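For the sequence shown, the working numbering begins at 66 and goes up steadily by one.
A quick write-up on the structure given underneath.
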Amino acid sequence: AYYQEIGRAGRDGRGSYCELVYLEEDVSIQRSFTEWANPDQAFLTQIVQHLAGLGERLNSIDSDALRDTFLVKQKHDGRVDTCLRLLRAGGCIDGELGLDAVWLRTPAPHEIAEWLPDDKRKRDLMGLLQMVQYARTPRCRKAYIHEYFGFADQPDACGACDACLDPAAWLDTHLPPAARQPIPRHVAASDRAPGNTPVQRGDWIEVRGVGPCAVKRVHLHGKRVSVDVEVARDLSERTFDLGRVRWRTVDPGS
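Now the structure itself:
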């Protein structure tokens, strides 16, 4: 979509300037969108077991109640809706929950595996990572894009982007200091001194020098708390003792 907008801006032979506004805090938001769009096989299996177990009481709940049962953290999480769409498309359920829904059959494990391949989430996250790398690269923007799409023409430098020109001079030309306005940065209400904010699996924290991280596991060692996280900028896994690093909680839905 970003590359498509570049083409639209410069069509008809006219010059164009494309600006990419990047904040590292946005990575956690996009990361959450990716997670919420990709339920795993275990999640779908839980939905199936829950609905099949209701039997004749299937319409005693609606979609909102199902979301409340399985999604306790974020209202933007779309995994339940994705699962319902898959079950309808697979001929497992018909009608609308809470009204006229009918459970037709229980999908086999191999069907669930086909509907939700393990590598889709990874591919989507890698796509996000590549966009982050593009935003942070010191290389020529045009060369980076041409390499990504595998174009035969792969210039070393275009001589026109912010990476090829002096960044400060380029910025002064296209956005004079008088026209600049600072972008407000969100600070979560739960932003307190390190060690005083409890975290849970699925929370987001920002570690100084590392950036946004998704909490995968929490370990308690007496009064000490350590967390296993997935770093948003490169998907690497790391462990932090929260008493030994500076960190804060962040809200990916803000």
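A virtual CB, placed ideally from N, CA and C, is assigned to each residue, including glycine.
All values reported here derive from a predicted model rather than from experimental measurement.
So is residue i buried or exposed if we call it buried at 16+ other beta carbons inside 10 Å?
i, result
"Ser97", "buried"
"Val167", "exposed"
"Lys207", "buried"
"Pro277", "buried"
"Asp268", "buried"
"Pro220", "exposed"
"Asp142", "buried"
"Glu271", "buried"
"Thr147", "buried"
"Leu285", "exposed"
"Leu116", "buried"
"Ala254", "For Ala254, the predicted structure reports a pLDDT of 39, less than 50, and the residue's modelled location is therefore unreliable. The matter cannot be settled from this model."
Return the residue from the list the options that minimises the CA-CA distance to residue i.
i, options, result
"Asp184", "His115, Ile94, Thr99", "Thr99"
"Arg303", "Val283, Asp237, Leu193", "Val283"
"Val296", "Tyr82, Arg311, Glu84, Val92", "Val92"
"Arg266", "Pro182, Tyr209, Thr314", "Thr314"
"Ile323", "Glu161, Cys223, Thr171, Gly160", "Nothing in the structure corresponds to residue 323, since the chain is present only between 66 and 319."
"Glu179", "Ala217, Phe216, Leu307, Thr110", "Thr110"
"Gly224", "Cys205, Phe216, Ala217", "Cys205"
"Gly192", "Tyr213, Ala244, Gly274", "Tyr213"
"Val264", "Arg273, Gly274, Val290", "Val290"
Nearest-angstrom Cα distance between residue i and residue j?
i, j, result
"Ser128", "Val280", "28 Å"
"Arg257", "Leu88", "Confidence at Arg257 is low in this model, with a pLDDT of 38, below 50, so its placement is unreliable and no value can be given for it."
"Arg132", "Gln114", "15 Å"
"Asp237", "Asp227", "11 Å"
"Ile158", "Lys187", "28 Å"
"Ile94", "Ile126", "30 Å"
"Gly156", "Leu136", "24 Å"
"Val292", "Glu90", "19 Å"
"Pro232", "Trp312", "30 Å"
"Gly120", "Leu169", "11 Å"
"Arg309", "Val197", "27 Å"
"Pro104", "Ala154", "16 Å"
"Ile177", "Gln106", "6 Å"
"Trp235", "Ala102", "38 Å"
"Asp165", "Ala130", "15 Å"
"Arg245", "Phe216", "35 Å"
"Pro242", "Asp189", "37 Å"
"Asp218", "Lys288", "58 Å"
"Gly326", "Thr134", "No information on residue 326 is available, as it lies outside the stretch 66 to 319 that the chain covers here."
"Val275", "Val294", "11 Å"
Going by the DSSP bridge assignment, what does residue i pair with across the sheet?
i, result
"Val92", "The partner list for Val92 (beta bridge, DSSP) is empty, contrary to what the question assumes."
"Thr304", "Asp293"
"Pro277", "Glu271"
"Trp312", "Val272"
"Ile126", "Looking at the DSSP assignment, Ile126 forms no beta bridge with any residue, so it has no partner."
"Trp168", "Ile158"
"His284", "Ser291"
Since residue i and residue j should fall inside the 8 Å C-beta cutoff, what is the C-beta to C-beta distance between them, to a whole number of angstroms?
i, j, result
"Arg144", "Phe108", "6 Å"
"Ala173", "Leu85", "Wrong, their Cβ atoms sit about 45 Å apart, outside the cutoff."
"Leu152", "Asn124", "With a Cβ gap of about 15 Å, Leu152 and Asn124 do not count as contacting."
"Tyr82", "His239", "6 Å"
"Asp306", "Leu194", "About 26 Å separates the two Cβ atoms, so there is no contact after all."
Does any C-beta atom of chain C lie closer than 8 Å to the C-beta of residue i?
i, result
"Asn124", "Here there is only one protein chain, and chain C is not present."
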